[in-house]
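Each number in this note's numbering comes from the position in the sequence shown (counting from 1) with 4 added on. Have a look at the structure below before the remarks.
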Amino acid sequence: MTPRKQTAVSGGTLCLDLHGMTCVQAQAAIDAALRRARPSVYRLEVVHGCHAGTALRDMVRSVYARHPKVLRLELGLNPGVTELVLREY
Numbered sequence: 005m006t007p008r009k010q011t012a013v014s015g016g017t018l019c020l021d022l023h024g025m026t027c028v029q030a031q032a033a034i035d036a037a038l039r040r041a042r043p044s045v046y047r048l049e050v051v052h053g054c055h056a057g058t059a060l061r062d063m064v065r066s067v068y069a070r071h072p073k074v075l076r077l078e079l080g081l082n083p084g085v086t087e088l089v090l091r092e093y
């Protein structure tokens, strides 16, 4: 049983928690979130974690840096989160 938590955060940002997923499961979850994102969503906040290894983080940052729906990646102060910017506000 894989946890797939997806909740809307404040105004236009969708949060996707990848904890407990493999890279293949995580990529499928992100792709599904990108397909289902409504026009009002301009950011996808991907919580991949940072203490249990870097495989998810590396996959997110390499695969989605050149994804056609992703404008750019933003890295914040939290090393366990990568934001996929889908469009400007």
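Beta carbons: idealized from backbone N, C-alpha and C, even for Gly.
Open item on the list: Using 7 Å as the threshold, is the C-beta distance between Val-45 and Gly-16 below it?
Closed with: Position 41 of the sequence shown, counting from 1, holds the residue named residue 45. Position 12 of the sequence shown, counting from 1, holds the residue named residue 16. In contact: Val-45 and Gly-16 (Cβ atoms closer than 7 Å).
Open item on the list: According to DSSP, is Val-51 part of a helix, a strand, or is it coil?
Closed with: Indexing the sequence shown from 1 puts residue 51 at position 47. In this structure, Val-51 counts as strand in the three-state DSSP scheme.
TODO: Just list the alpha helix (DSSP H) runs in the region 15–79, keeping only unbroken ones of 4 residues or longer that don't cross its boundaries, in chain order.
DONE: 27–40 and 59–67
Open item on the list: Within a Cβ cutoff of 8 Å, which residues of the same chain sit near Ala-37, ignoring the five residues on either side of it in sequence?
Closed with: In the sequence shown, counting from the first residue as 1, residue 37 sits at position 33. Once the five neighbours on either side are set aside, the close Cβ partners of Ala-37 are Gln-10, Leu-18, Leu-20 and Leu-48.
- [ ] Check Leu-88 in the structure and name its three-state DSSP category.
- [x] One-based indexing of the sequence shown puts residue 88 at position 84. In the structure shown, Leu-88 adopts extended strand secondary structure according to DSSP, grouped into three states.
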